[in-house]
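When you line the sequence shown up against mature numbering (1 follows the signal peptide of the UniProt record, and there is no 0), it's residues -23 to -1, 1 to 619, in that order.
The beta carbon of each residue, even a glycine, is placed where N, CA and C say it ideally should be.
Only one structure is covered here, and it is reproduced in the block below.
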Amino acid sequence: MRGVSFISLAVLLLLATLQEVRSHGDQPLAKIDIRRSTLALHASAYVNASPAILGLKGQTTEWVTLEFSSPNPSVDDWIGVFSPSNFSASTCPEENPRVYTPLLCTAPIKYQYANYSSPKYKDTGKGNLKLQLINQRSDFSFALFSGGLSNPKLVAVSNQIAFANPNAPVYPRLAQGKEWNEMTVTWTSGYGINDAEPFVEWGRKGGDHVHSPAGTLTFDRNSMCGAPARTVGWRDPGFIHTSFLKELWPNAVYTYKVGHLLVNGTYIWGEKHQFRASPYPGQNSLQRVVIFGDMGKDEADGSNEYNNFQRGSLNTTRELIRDLKNIDIILHIGDICYANGYLSQWDQFTAQVEPIASTVPYMIASGNHERDWPGTGSFYGNMDSGGECGVLAETMFYVPAENRAKFWVTSLLLETKDLEQRPRTATLKQKEECKRQWYSTDYGMFRFCIADTEHDWREGTEQYKFIEHCLASVDRQKQPWLIFLAHRVLGYSSGTSYAVEGSFEEPMGRESLQSLWQKYKVDIAVYGHVHNYERTCPIYQNICTNKEKHYYKGTLNGTIHVVAGGGGASLSPFTTVQTTWSFYRDFDYGFIKLTAFDHSNLLFEYKKSRDGKVYDSFRISRDYKDILACTVDSCPSMTLAS
Ligand SMILES: [Fe+2]
């Protein structure tokens, strides 16, 4: 029987993985078989790129114009953007000499078809293209290929162009620190610790400013767990710096800019930004939270488009920027940018969200596309991370996870240039522990317990203990709004992928955790992974505990489960099966917003990314005594003795 159940579990996991692949589409860059490419250089073919120098006024994003020509044009000719500009065979890492060395071994950072803005290219052989580039620490070249994506033939290579300072500090992103009055600033640059001292200059708006030092992280190709992250998708990540701004005044406005002091005494500055410090836990003030999953990235110039992959991402980003003055904190609960092992995409994602993440805390959770890789300690043994095995997510974004400190110690040492000094003591078990990304964070009247579904959450595990402690340790009189967050749907979803299994959830989800949600009276649980929007009734053990749909007064008696996975990646369909617990379904891109007006009033809204308008909502009005009130399985037994 054990053998049979093991096989059933394996089949279930395989089905889940297949569904995953179908519903997410492919990483567009994976369509290019760069290692099969051959040379077909032609004397009369050319690609010209201009301007030669970008970012002369300090910009980190610029549009470039390409003009190109081919004597043998075809509809599947395409232009690849390479960075660094030298993408020849000389950059290919040594392989087994018996293996034929590929002529090219690095994927482009983006690509577009040659006839995209030149419909007559096939007839004239001439075309032009506008592409948006971001500063990502290296120069660029543009290559014209024939033979489509699967059989590339290199026809011509452009001149090289570069940002004025490729090493410039870029894309600052804020995150809540371990303490309520601490904000962390993480950014990326080309300056290692031997080149410059990284720091943040910051202070109250209009007041004195101080310098706080930053730690620096990086990693090498060997830190990747497999292909493509370790092969054609590898790109030098530069240096990732994090500074901890401490002892902030609640709700006070601070300005900051990141900087580097070079060894020659020169200062290099990032742009100036400002943020509002987080409220004190329990503080009674207006608090607005946005939550979504699976946003991914998209290109404003139309490049990398394949099968409508992530077309919603830019809409979500645009709406959040438009409404940013009415948002206090953002939680992006997994499947961050779908780089899937093509590392350049992380820079492009941090550039896309910079206006948001540099202004409000941008908290992430771990998803399958960040973490999963066989044999590396992830709960699921699929290959969704493309070999990243969590390294990119945990380095590019800060989260106040307990295990983060261990990760920092090992990673900081990794930056040591002297190979002999690199740590060899970190065991595989320690490295796996560092990748556990569950954490809690408080925001005024909210307590968020953020699970990591890519690691085991079942009873008896370290994560289960964390979840119980997070839910149990909050003082609901001060922080009445208790929110559980996770990437995979541990509660309820009518997404086809779960419905065909008959589980309507990630297997072992609510079976493991619903007693905790009920005992500690979790108000709302939000998930991603399924790319649509869905809201349930307040529910416990598959039964609605409250039939009201829009206004909850008094105790909920259960938890409201929400799927908010429509951040941007290609949408997931619903089953046609009607369930009693599914109150609202939307096959569209969107995100949710929670507004706590005070300790007794919460507004929930679902907004579509296309117009920012509210399409579903409800209110909760209740007092502390309503949280104390006993419901099914929510109170310990009482005695009549007095
Ligand atoms: Fe996912």
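Sequence-distant residues of its chain with Cβ nearer than 7 Å to residue i (five each side left out)
i, result
"residue 252", "151, 160, 231, 336 and 337"
"residue 611", "495, 496 and 498"
"residue 382", "Unreliable placement is indicated for residue 382, whose pLDDT of 49 sits below 50; the coordinate value is still reported in the next sentence. No residues qualify anywhere along the chain."
"residue 615", "none"
"residue 605", "none"
"residue -3", "Legend: pLDDT at residue -3 = 38, less than 50; position of this residue unreliable, no value from coordinates given."
"residue 106", "43, 56, 89, 93 and 94"
"residue 186", "178, 179 and 180"
Under 8 Å between C-beta atoms of residue i and residue j
i, j, result
"residue 322", "residue 328", "no"
"residue 504", "residue 270", "yes"
"residue 116", "residue 145", "no"
"residue 459", "residue 487", "no"
"residue 102", "residue 175", "no"
"residue 27", "residue 113", "no"
"residue 506", "residue 465", "yes"
"residue 535", "residue 522", "yes"
"residue 347", "residue 310", "no"
"residue 529", "residue 427", "no"
"residue 293", "residue 594", "no"
"residue 134", "residue 118", "yes"
"residue 109", "residue 278", "yes"
Reference residue i, options the options, closest by Cα
i, options, result
"residue 560", "468, 491, 512 and 439", "512"
"residue 484", "500, 467, 498 and 497", "467"
"residue 143", "247, 472 and 432", "247"
"residue 204", "427, 255, 266 and 83", "83"
"residue 22", "130, 244, 532 and 300", "130"
"residue 342", "354, 304, 268 and 38", "268"
"residue 99", "491, 366 and 45", "45"
"residue 319", "148, 217 and 198", "198"
"residue 473", "548, 515 and 491", "548"
"residue 414", "306, 241 and 377", "377"
"residue 305", "613, 603, 574 and 599", "574"
"residue 577", "354, 457 and 461", "457"
"residue 153", "263, 258, 128 and 88", "258"
"residue 136", "500, 33, 206 and 64", "64"
"residue 104", "25, 38, 192 and 592", "25"
"residue 553", "278, 563 and 236", "563"
"residue 436", "449, 491 and 475", "491"
Span of the beta strand (DSSP E) around residue i
i, result
"residue 360", "No beta strand (DSSP E) contains residue 360, which DSSP labels as neither H nor E."
"residue 234", "230 to 239"
"residue 578", "578 to 585"
"residue 25", "23 to 27"
"residue 419", "416 to 420"
"residue 293", "Residue 293 -> not in any beta strand (DSSP E); alpha helix (DSSP H) instead, spanning 290 to 299."
"residue 368", "Careful: residue 368 lies outside any beta strand (DSSP E), inside the alpha helix (DSSP H) at 368 to 373."
Any non-hydrogen atom of ligand 1 within 7 Å of residue i CB
i, result
"residue 345", "yes"
"residue 311", "yes"
"residue 3", "no"
"residue 271", "yes"
"residue 432", "no"
"residue 486", "no"
"residue 318", "no"
"residue 505", "yes"
"residue 527", "no"
"residue 250", "no"
"residue 538", "no"
"residue 464", "yes"
Beta-carbon contacts of residue i that lie in its chain and below 8 Å, excluding the five residues immediately before and after
i, result
"residue 239", "168, 172, 173 and 245"
"residue 260", "227, 228, 421 and 422"
"residue 360", "203, 349, 350 and 351"
"residue -20", "Confidence is the limiting factor: at residue -20 the pLDDT is only 42, short of 50, which leaves the residue's position unreliable and the question unanswerable from this model."
"residue 249", "232, 233 and 234"
"residue 30", "138, 139, 140 and 141"
Where the alpha helix (DSSP H) through residue i begins and ends
i, result
"residue 338", "It is not in any alpha helix (DSSP H) - residue 338 carries neither H nor E in the DSSP assignment."
"residue 604", "601 to 605"
"residue 450", "Neither: residue 450 is in no alpha helix (DSSP H) and is coded neither H nor E."
"residue 160", "First-last for residue 160: 160 to 166, but that is the beta strand (DSSP E), not the alpha helix (DSSP H)."
Beta-carbon proximity list for residue i, same chain, < 6 Å, skipping 5 on both sides
i, result
"residue 54", "91 and 123"
"residue 188", "176 and 178"
"residue 389", "For residue 389, the predicted structure reports a pLDDT of 43, less than 50, and the residue's modelled location is therefore unreliable. The matter cannot be settled from this model."
"residue 212", "320 and 321"
"residue 332", "298"
"residue 613", "none"
"residue 355", "348, 349 and 431"
"residue 395", "Model confidence at residue 395 stands at a pLDDT of 39, short of 50, so the residue's coordinates are unreliable and nothing is read from them."
Cutoff 8 Å: residue i Cβ touching any chain D Cβ
i, result
"residue 143", "Absent from the structure: chain D. Only one protein chain is present."
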